[in-house]
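Residue numbers (the working numbering): 355 to 479.
Glycine is no exception: its CB is placed at the ideal position from the N, C-alpha and C atoms.
See structure below.
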């Protein structure tokens, strides 16, 4: 099993698909990596030589921000917004949708499970 950027990528899949298992590398970046190193799109990870895996590892380390560094950067960006107390930061803090979605209905993923509101009790005279 090939280990790149601290992630064990699957060996029986195509290289382009396997690289997507690394946080921060999507379809476009995976395709660019394969083109820059001259790796054919249909090749599988288990068909790569140790030298090719080393080249992929060095290219990702040099040109891309992935895994821990990227996660840390995203977390710091969110923390900065919350510290500034801007609108987006307040939405993050309250666990509500950040990008303008409606919350009257929907937004259950961000808001959590719906809580029933207890109705008023009738007062008898």
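Going by DSSP, residue 383 is part of the alpha helix (DSSP H) stretching over 381 to 391. The alpha-carbon separation between residue 475 and residue 457 amounts to approximately 28 Å.
Residues 359, 376, 377, 378, 379 and 414 of the same chain have their beta carbon placed closer than 7 Å to that of residue 420, with the five preceding and five following residues left out of the count. Going by beta carbons, residue 465 and residue 444 fall outside the 8 Å limit.
Spanning the alpha carbons of residue 399 and residue 368 requires a straight line of approximately 6 Å. Here DSSP, grouped into helix, strand and coil, assigns residue 442 to helix. Contact between residue 462 and residue 470 fails: their C-beta atoms lie close to 14 Å from each other, not under 8 Å.
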